[in-house]
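Counting with my numbering, you get residues 159 to 558 for the letters of the sequence shown. Just so it is clear, CB atoms sit at the ideal spot from N, CA and C, and this is done for glycine as well. Right, one structure below, let's go through it.
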Amino acid sequence: MKYFTYIFRNARRNPIRTFLTIASTGICLFLMMILLAFFDMREDATKANRVFNRIITMNATGFAGMVPIGRVPEVSRMEGVLAASPYGWFGGKYHDETMPFAQFSVDADSVFKILNEFRVPDSQLADFKANKDGAAIGRRLASDRGLKIGDPLPLKGDLYPVDMDLTVRAIYDGPSNRNLRMCLFHYEYLDEALKKVTMSSAYGGSLATDSARTSGNAGMIFIKCKNADVMPSLSKKIDDLYRNSEFPTRTQTEEAFGKMFSDMLGDLQNAIYGIGAAVVVSLLFVAGNAMAIAMRERTSEVAILKAIGFSKGRVLFLVLTEAILVAGLGGALGSLGCKALCDVVDVAKYSAGFLPVFYVPWRIALLGLVVSLFVGFASGVVPALLAANSSVINGLRKVV
């Protein structure tokens with residue numbers, strides 16, 4: 159601790175070089191924290207779903223396949239089911255926005271029994287159920303678009319040949335790590351609109367070709383189970399029931415459903431990790447080069463320190479500590495600064511609907527800080543060893 163002033167003065171001896179080293183480390187780690195947090199956050203959200211005892215039934219061929227709406231009451235009557243609702247993605251555009259936020263057609267009577275982590279005032283929930291054109295939106299979505307109870311919410315159909323002229327009837331709230339940017343509206347309202355149009359004229363194809371976008375399609379079935387023990391048997395029972403039908407199903411837990419999306423990003427995730435490794439190596443070279451130049455400029459000074467009694471170990475300590483200090487400052491600014499920014503600023507608001515929520519977990523921020531300290535240590539080892547083993551006589555003779 160008694161050498162800290164000396165180390166700190168050495169670090170700022172060339173302020174421009176020190177600033178650039180800290181800035182390069184901080185910026186690289188800031189960007190890496192964003193990317194790593196994205197994948198880690200998705201994993202957190204997926205694992206968090208397991209406590210809600212929910213399963214999702216979809217068409218066995220994928221999202222484009224049809225799940226007949228008549229299956230919702232059939233599933234809801236099965237033993238072990240507390241509630242079931244259609245859950246169809248609408249994907250409409252709000253005004254001039256190019257990226258749609260999450261919009262689902264649901265059964266208004268059961269959806270909040272299934273999504274029971276969300277809270278809705280009783281009066282608003284009753285109003286939402288009573289009005290077929292009503293919509294229940296998340297608190298953050300309402301804040302982002304400046305919407306309040308009674309405001310119109312027009313959605314221009316993109317996947318579907320119909321527009322939804324909705325009215326905000328309820329605003330739900332919930333835990334900060336849940337999706338508070340959804341819009342839930344009555345399935346019946348969408349289905350009635352689809353019945354008024356013919357898919358053949360809208361898409362220039364047959365009804366069979368576009369069956370997933372015709373009336374009578376639930377999209378998916380969102381199911382709340384009594385407990386986790388019945389989920390495997392219930393999933394098998396549902397799939398066995400419709401296995402030989404025109405529209406076979408695949409039923410999985412909500413956690414597995416979320417993991418399916420993460421698996422789609424598998425190659426991208428590995429690529430990000432590879433880029434992260436390359437960034438760390440690049441930082442090693444940048445920080446190492448800065449320390450090597452600094453030690454070359456201080457050859458005579460190191461010789462004087464050794465001449466007045468500083469041991470090799472103490473010189474090694476001084477140089478290594480300086481390297482770790484500079485890299486650590488960059489890491490603190492980059493990783494901890496990234497977490498602080500994401501905690502204060504709602505970054506997801508600026509993702510055009512791609513991210514319902516975004517935050518940097520502490521373990522990711524601390525990982526970034528540890529990486530910066532490692533970069534400082536690794537980049538300072540060679541210059542520190544050279545300084546510790548340098549000749550006093552040659553150092554005093556050298557003119558830099």
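### Message
Judging by CA-CA distance, which residue of Asn211, Thr219, Asn375, Val484 is the nearest neighbour of valine 264?
### Response
Looking at the Cα atoms, Asn375 is the closest of the given residues.
### Query
CB valine 292 to CB alanine 328, shorter than 9 Å?
First, the amino acid is wrong: residue 292 is glycine here, not valine. Yes, the pair counts as a contact, with Cβ atoms nearer than the cut-off.
### Message
Once the 5 residues before and after methionine 191 are set aside, which same chain residues still bring their CB inside 8 Å of it?
### Response
Gly492, Ser493, Cys496, Lys497, Val518, Ile522, Ala523, Gly526
### Message
What would DSSP say about proline 310, mapped onto helix, strand or coil?
### Response
strand
#### Entry: First through last residue of the beta strand (DSSP E) which encompasses glycine 296
292-296
### Task
Could you tell me the distance, in whole angstroms, from the CA atom of proline 310 to the CA atom of methionine 322?
10 Å
### Message
Tell me the DSSP secondary structure of tyrosine 330 in three-state form.
### Response
strand
### Query
In this structure, what does DSSP give as the bridge partners for tryptophan 247?
In DSSP, tryptophan 247 forms a bridge with Phe262.
### Supposed contact pair isoleucine 379 and valine 269 - C-beta distance, whole angstroms, cut 8 Å
Not really, about 12 Å apart at Cβ, beyond 8 Å.
### Query
Looking at the structure shown, is isoleucine 227 part of a helix, part of a strand, or coil, going by DSSP?
Coil, per DSSP.
### Beta-carbon proximity list for aspartate 302, same chain, < 8 Å, skipping 5 on both sides
Arg339, Lys507
### Query
Rounded C-beta distance between alanine 546 and leucine 474? I'm assuming under 8 Å.
Indeed they touch by this definition, with Cβ atoms about 4 Å apart.
#### Entry: Beta-carbon proximity list for valine 230, same chain, < 6 Å, skipping 5 on both sides
Ala242, Pro244, Ala376, Ile379
### Task
Hey, could you find the ends of the beta strand (DSSP E) methionine 216 is sitting in?
212-217
### Query
What number of angstroms, rounded off, separates the C-alpha of proline 541 from the C-alpha of valine 477?
In a straight line, the C-alpha of proline 541 is about 8 Å away from that of valine 477.
### Task
Go to methionine 340, then tell me how far its beta strand (DSSP E) extends in each direction, as first and last residue.
340-344
### Message
Can you give me the C-alpha to C-alpha distance between alanine 169 and glycine 446, rounded to a whole angstrom?
### Response
14 Å
### Message
If you measure between the beta carbons of proline 406 and alanine 218, is that distance less than 9 Å?
### Response
Yes, the Cβ-Cβ distance between proline 406 and alanine 218 is below 9 Å.
#### Entry: Where isoleucine 466 sits in the DSSP three-state scheme
coil
#### Entry: First and last residue of the uninterrupted beta strand (DSSP E) at phenylalanine 380
DSSP places phenylalanine 380 inside the beta strand (DSSP E), whose first and last residues are 379-383.
### Task
Please state if the CB of leucine 187 and the CB of glycine 489 are separated by a distance shorter than 9 Å.
yes
### Query
Who are the Cβ neighbours of leucine 317 in its own chain at under 6 Å, not counting the five residues just before and after it?
Gly249
### Query
What is the DSSP secondary structure of leucine 317, counted as helix, strand or coil?
coil
#### Entry: Through-space distance from leucine 240 to lysine 384, alpha-carbon basis
6 Å
#### Entry: Proximity winner among Glu275, Ala266, Asp501, relative to aspartate 285 (alpha-carbon distances)
Ala266
### Query
Which residue from Leu273, Asp254, Glu346, Gly315 puts its Cα closest to that of alanine 583?
Here the chain covers residues 159 to 558 and nothing more, so residue 583 does not appear.
### Query
From glycine 363 to glycine 315, what distance separates their C-alpha atoms?
In this prediction, glycine 363 has a pLDDT of 49, which is less than 50 and means its spatial position is unreliable; what the coordinates show is noted afterwards. Cα to Cα, the separation comes out at about 18 Å.
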